[in-house]
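Numbering (full-length UniProt numbering) for the sequence shown: 9 to 284.
Backbone N, C-alpha and C define an ideal beta-carbon position, used for all residues, glycine too.
Everything below concerns the one structure shown next.
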Amino acid sequence: AKVYLNGEILDAADARISVFDRGFIFGDGIYEVMARIRGRFFYREAHMERLRTCLEKIDISLDVSSLETEILTLLSASGLEEADCLLYIQVTRGVAPRQHSYPAGIQPTVMMYAWPKTLPDINHTPVAVVLQKDFRWSRCDIKMTSLLGNVMANEFAKSHNCYETVFERDGIITEASHSNVFFVKNDVVHTHPANHLILDGITRQVVLELCKSLSIEVQLQGIPASQILEMDEAFLTGTSTQITPISTVDGKTVYPESMGPVTRRLQEAFLELKFR
Ligand code: PMP
9 AKVYLNGEIL
19 DAADARISVF
29 DRGFIFGDGI
39 YEVMARIRGR
49 FFYREAHMER
59 LRTCLEKIDI
69 SLDVSSLETE
79 ILTLLSASGL
89 EEADCLLYIQ
99 VTRGVAPRQH
109 SYPAGIQPTV
119 MMYAWPKTLP
129 DINHTPVAVV
139 LQKDFRWSRC
149 DIKMTSLLGN
159 VMANEFAKSH
169 NCYETVFERD
179 GIITEASHSN
189 VFFVKNDVVH
199 THPANHLILD
209 GITRQVVLEL
219 CKSLSIEVQL
229 QGIPASQILE
239 MDEAFLTGTS
249 TQITPISTVD
259 GKTVYPESMG
269 PVTRRLQEAF
279 LELKFR
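Pasting the structure below:
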């Protein structure tokens with residue numbers, strides 16, 4: 009596989025990063041993942057804008073727009089210009105002797121790679137999730153490479169034969185280990201507001217736009233964990249998760265319909281967006 013590293017396209021095996029890179033030492037970096045579908049990136053501008061604002065939040069200075077041509081060069085070097093694929097972008101603060109505070113005058117490390125991936129048109133198969141206390145920090149709005157909390161939570165899901173761990177903080181459902189969570193009750197769509205407790209997923213934003221255009225009422229409010237069993241439908245959203253219905257929470261089949269009507273409408277509208 010080919011890798012873009014600091015201005016060069018290299019074979020992955022030849023790409024070298026210093027052990028003193030702050031991404032390695034501290035997880036001091038930001039990343040982004042976007043999907044290329046039928047020859048274009050899905051919501052590229054929104055992803056690049058989130059990358060820009062996340063870098064701004066942690067004071068890494070980088071002209072994100074300069075990556076646009078580099079991305080196309082990488083795709084062509086990878087033979088993926090025409091292929092459906094996923095692109096990973098990572099920017100770390102750079103290389104410096106280990107000290108916590110931001111070192112002055114260092115260059116960020118920029119790494120990108122892409123791999124072929126065709127996402128399903130629609131995710132018909134509902135998934136099982138487990139609940140867990142949200143033990144992460146309170147700046148979940150930053151899409152940082154320090155993902156240990158998310159990694160541990162996803163492993164917890166796997167060990168329970170589940171697709172996702174859904175987090176609860178102070179009794180309220182926030183998001184999941186690598187996706188956002190939505191609930192439907194009486195045709196009203198509920199999801200946690202985009203504050204410091206969740207990552208504002210691009211797919212989440214797209215689904216909220218779709219609700220608007222389909223005249224589906226939205227409540228930007230986290231659902232109390234105690235009310236999960238009373239909801240009519242639930243689904244996850246994410247770049248590769250897309251819109252995936254939830255059937256089972258903590259081993260209880262909460263949403264017996266394989267796919268609720270609101271989830272179905274959103275999925276169909278989402279499919280149209282992808283292929284428009
Ligand atoms: N929340 C978390 C914690 C995530 O890591 C992700 C990204 N996989 C999402 C939500 C969904 O974001 P997006 O729709 O932009 O992929």
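Distance check for Thr-261 and Glu-64, CA to CA, integer angstroms please. For the purposes of this step, residue 64 is taken as residue 56 along the sequence shown, with counting starting at 1. For the purposes of this step, residue 261 is taken as residue 253 along the sequence shown, with counting starting at 1. When rounded, the distance between both Cα atoms is 42 Å.
Below 7 Å, is the gap between the Cβ of Arg-212 and the nearest heavy atom of ligand 1? Here residue 212 refers to the residue found at position 204 when the sequence shown is read from its first residue. Arg-212 has its CB nearer than 7 Å to a heavy atom of ligand 1.
Closest residue to residue 288 among Ala-21, Leu-244 and Asn-188 (Cα-Cα distance): Missing from the structure shown is residue 288; the chain here goes from 9 to 284 and no further.
Look up Thr-81 in the DSSP assignment and say whether it is helix, strand or coil. Locating residue 81 in the sequence shown gives position 73, where the first residue counts as 1. Three-state result, Thr-81: helix.
Taking contact to mean 3 or more Cβ pairs, one atom from each stretch, closer than 8 Å, check whether the stretch 91-105 and the stretch 22-37 are in contact. Verdict: yes, contact present.
DSSP state of Glu-155, grouped into three classes? Working through the sequence shown from its first residue, we reach residue 155 at position 147. The sequence as given places Leu at residue 155; Glu does not occur at that position. Looking at Leu-155 - three-state DSSP - the assignment turns out to be coil, as it is neither helix nor strand.
In terms of residues, what are the limits of the alpha helix (DSSP H) holding Cys-219? What you label residue 219 is simply residue 211 of the sequence shown in a count that begins at 1. It spans 210-221 - the alpha helix (DSSP H) in which Cys-219 sits, taken as one unbroken run.
Residue burial classification, Ala-242 (beta-carbon count within 10 angstroms, cutoff 16): Stepping through the sequence shown from its first residue, residue 242 is reached at position 234. So Ala-242 ends up on the buried side.
For Met-160, three-class secondary structure by DSSP: Position 152 of the sequence shown holds residue 160. Helix, per DSSP.
Buried versus exposed call for Thr-81 [16 or more other C-beta atoms within 10 Å across all chains shown]: Residue mapping note: residue 81 aligns to position 73 of the sequence shown, counting from 1. Around the beta carbon of Thr-81, fewer than 16 other beta carbons lie within 10 angstroms, which makes this residue exposed.
Beta-carbon gap between Ile-150 and Ile-224 smaller than 8 Å: For the purposes of this step, residue 150 is taken as the residue at position 142 of the sequence shown. For the purposes of this step, residue 224 is taken as the residue at position 216 of the sequence shown. Contact annotation: Ile-150 and Ile-224 have beta-carbon atoms that are not nearer than 8 Å.
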